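Visitor:
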Amino acid sequence: MPIARRTFLHLAAGAAALPVVPRVVRAPTYPSKPVRIICPFPAGNATDIVARLVGQTLSDRLGQSFVIDNRPGAGGNIGTEAAAKAPPDGCTLLLLSSSATVNQAINDKPGFNLFRDVAPVAGVGVAPFIMTLNPSFPARTVPEFIAYAKANPGTINMASAGNASAGHVTGELFKMMAGIDMVHVPYRGSFLPDLLSGQVQVSFAPISLSIEQIRAGKLLALAVTTTTRSEALPDVPPVSEFVPGYDSSAWYGIAAPRNTPAEIIEKLHGAITVGLADPRMKSRFADLGAAVRPASPSDFGKLLVRETEKWARVIKFAGIKPE
Numbered sequence: 005m006p007i008a009r010r011t012f013l014h015l016a017a018g019a020a021a022l023p024v025v026p027r028v029v030r031a032p033t034y035p036s037k038p039v040r041i042i043c044p045f046p047a048g049n050a051t052d053i054v055a056r057l058v059g060q061t062l063s064d065r066l067g068q069s070f071v072i073d074n075r076p077g078a079g080g081n082i083g084t085e086a087a088a089k090a091p092p093d094g095c096t097l098l099l100l101s102s103s104a105t106v107n108q109a110i111n112d113k114p115g116f117n118l119f120r121d122v123a124p125v126a127g128v129g130v131a132p133f134i135m136t137l138n139p140s141f142p143a144r145t146v147p148e149f150i151a152y153a154k155a156n157p158g159t160i161n162m163a164s165a166g167n168a169s170a171g172h173v174t175g176e177l178f179k180m181m182a183g184i185d186m187v188h189v190p191y192r193g194s195f196l197p198d199l200l201s202g203q204v205q206v207s208f209a210p211i212s213l214s215i216e217q218i219r220a221g222k223l224l225a226l227a228v229t230t231t232t233r234s235e236a237l238p239d240v241p242p243v244s245e246f247v248p249g250y251d252s253s254a255w256y257g258i259a260a261p262r263n264t265p266a267e268i269i270e271k272l273h274g275a276i277t278v279g280l281a282d283p284r285m286k287s288r289f290a291d292l293g294a295a296v297r298p299a300s301p302s303d304f305g306k307l308l309v310r311e312t313e314k315w316a317r318v319i320k321f322a323g324i325k326p327e
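Counting from 5, one number per residue, gives the positions in the sequence shown under the working numbering.
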């Protein structure tokens, strides 16, 4: 895969280097018909909401409908594959999230290859996972949690939304870097009832999933997984204050099928960047516990490579196998 990744970054950088104004003038009619943004997760979750926010800002600025097409299944692979195999005419886009790089790292043949079949368009936003505890757990800080886990190896149950889910690998990264042992308990439905009752003790949950229970005092937020504090939970420290170098986030971005014309990618990137600067957009992201994080095609491509390589190391360490 290294050759493919180098090619991927080269193409992404080439798109970013194109002059904005001449390219937009050269493609004045785009989009001439409605554009669909494939969201590889169900309607109503954070990824879907981000897709709709981006779709609305693109519609407002480009004067055409951007319709969200939810294609859930296989941890996001079904929708991602559908977008990767769509005609490269700018009429199909993809809302990419951090789960895509986990899927790329764990699946030898997922039906697509991020570094061969997808062209990065723009980074959009980022949100932390929250290291969340049942309040009855005998720790109130990350160092206390690590000390308890080392003194009681294999006794802490760590819940996630499923094998190789973003929350699962985020927890495995913590285990690897903190040098502790926890038992992974994957769920097909919501794990929140069992976390609230104490059947499981800890999770690395998306902030949008757990913030209301945290604010109500039903769950304890021990740390955020990003390297900086979250505006939504400013009193909660990052894991990296206690485990140097630790970093995991739920990020979002827009991609297109490979070979989508560079002038279309540049036009989309420009519209998204302007939209993300709108205070109303920043407020809507804040409602999700997220922050806008605009990125060029080149920088978004580099993020995809870094994340895939990081999760490949974690997956190997944890012995995670695709289901």
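Note that beta-carbon positions come from the ideal geometry of N, C-alpha and C, so glycine has one too. Note that the structure is a prediction, hence the values are computed from the model and not measured.
From the DSSP output, which residues share a beta bridge with Ile-324?
Guide: Paired residues: none, contrary to the question.
Visitor: So, does the segment 120 to 136 touch the segment 254 to 267, judging by three or more C-beta pairs under 8 Å?
Guide: With a cut-off of 8 Å, the segment 254 to 267 and the segment 120 to 136 count as touching, because enough Cβ pairs lie within range.
Visitor: Figure out for me which residue from Ile-218, Gly-202, Ser-36 and Ala-47 has the closest Cα to the Cα of Pro-238.
Guide: When only C-alpha atoms are compared, the closest one is Ile-218.
Visitor: Where DSSP assigns a beta bridge to Arg-40, which residues make up the other side?
Guide: Beta-bridge pairing links Arg-40 to Val-71 and Thr-96.
Visitor: If you draw a straight line from the C-alpha of Pro-298 to the C-alpha of Ile-276, how long is it?
Guide: Rounded to the nearest angstrom, the two C-alpha atoms are 8 Å apart.
Visitor: With a CB to CB cut of under 6 Å and the five nearest residues on each side skipped, what residues in its chain are close to Glu-327?
Guide: Answer for Glu-327: Asn-167, listed in chain order.
Visitor: I need the DSSP call for Thr-136, collapsed to helix, strand or coil.
Guide: Three-state DSSP puts Thr-136 in a strand.
Visitor: So, at 7 Å on beta carbons, what are the nonlocal neighbours of Ser-63 in its own chain, with the 5 sequence-adjacent residues on each side left out?
Guide: Cβ within range, chain order: Ser-69 and Phe-70.
Visitor: Of all the options Trp-315, Pro-197 and Leu-292, which has the alpha carbon lying nearest to the alpha carbon of Leu-137?
Guide: Considering only alpha carbons, the answer is Pro-197.
Visitor: Near Pro-147, what residues of its chain come up, given a Cβ to Cβ distance below 8 Å and the 5 sequence neighbours on each side ignored?
Guide: Contacts found: Phe-246.
Visitor: Between Leu-223 and the ligand NAP, is there a pair consisting of the residue's CB and a ligand heavy atom that are separated by less than 7 Å?
Guide: Of the ligands one can find in the structure shown there are none, so the ligand NAP has no counterpart to examine.
Visitor: Alpha carbon to alpha carbon, how far is Ser-287 from Cys-43?
Guide: Their Cα atoms are separated by approximately 22 Å.
Visitor: Nearest-angstrom Cα distance between Val-106 and Gly-48?
Guide: One C-alpha to the other measures close to 22 Å.
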